[in-house]
Amino acid sequence: DGRSVRLQPDPQRARKILSMSEATPIPNATKTDLPALGRLGALLLRTHFQFDSKRFMAPGGDPEAGYAWFLGTQLAEQDVVVLVAERQGAVVGYVYAGLEAQSWKELREASGFIHDVVVDERGRRTGVATALMEAAADWLRDHGAPRVMLWTAEQNEGAQRLFERLGFRRTMVEMTREL
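Heads up, the sequence shown is in the working numbering, so the first residue is 4 and it goes up one at a time.
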């Protein structure tokens with residue numbers, strides 16, 4: 004939570020990892036992907052809520068529909084990208100990233116920001132998350148971002164290991180107090 008990090012992507016490394024596994028296309032998401040995006044977004048929401056039910060949004064009655072709606076609103080945004088990873092014609096993961104303006108409030112210059120990266124069980128430990136992250140970093144770089152940041156839940160050690168392998172470093176710690 005609250006950790007912003009810098010990524011120095013290595014596209015060669017991502018290609019090498021993918022060459023060791025089944026090829027994983029990483030196209031832009033479309034409206035036809037929204038049901039799969041909703042399913043994966045709901046997985047992300049439920050996982051974070053289990054980490055800390057006071058900090059993270061409650062999943063509610065139909066988080067799949069809610070997340071599909073939200074990501075659907077992002078597909079047409081010019082400063083945002085939603086990319087999907089496909090295996091055998093099925094979406095097994097996505098990354099949602101965007102460009103952020105300079106922020107005096109956050110004491111940072113303009114940057115790219117990875118908001119979500121989610122891979123379902125079928126795609127884990129196969130290079131899918133790395134391919135998604137590298138594709139997002141490439142998009143951000145191509146759109147002028149000098150660095151990319153993200154937040155990760157304190158309890159999400161697997162994701163933190165992935166991010167560190169990809170060159171992210173810890174720069175901030177979010178702390179929460181209930182009132």
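The C-beta atom is built at its ideal place from N, Cα and C for all residues, glycine as well.
Asked	Found
Taking the straight line between their C-alpha atoms, what separation do you get for E177 and T155?	10 Å
A100 lies in the beta strand (DSSP E); which residues open and close that run?	93-103
Jot down the residue ranges of each uninterrupted alpha helix (DSSP H) in the region 97-182, minimum 4 residues, whole runs only, in chain order.	131-145, 160-168
Pick helix, strand or coil for R234, following the three-state DSSP scheme.	A query on residue 234 cannot be resolved here, the shown segment of the chain reaching from 4 to 182 and no further.
How is the alpha helix (DSSP H) around A32 delimited, first residue to last?	Here A32 belongs to no alpha helix (DSSP H), and DSSP marks it neither H nor E.
Rounded to whole angstroms, how far is the Cβ of Q138 from the Cβ of V98, which I believe are closer than 8 Å?	Going by the sequence as given, residue 138 is Ala instead of Gln. Confirmed, Cβ separation roughly 7 Å.
Under a Cβ-count criterion, where at least 16 other Cβ atoms within 10 Å of its own Cβ denotes burial, should S106 be classed as buried or exposed?	exposed
Taking DSSP as the reference, what is the three-state secondary structure of A68?	helix
In whole angstroms, what separates the C-alpha of V84 from that of L182?	35 Å
Between the Cα of A88 and those of R164, L169, M136, E167, spot the shortest distance and give me the residue it belongs to.	M136
My assumption, with CB atoms under 8 Å, is that L37 sits in contact with L74. Please give the rounded CB distance.	7 Å
Taking the beta carbon of S56 as the centre, do at least 16 other beta carbons fall within 10 Å, making it buried, or is it exposed?	exposed
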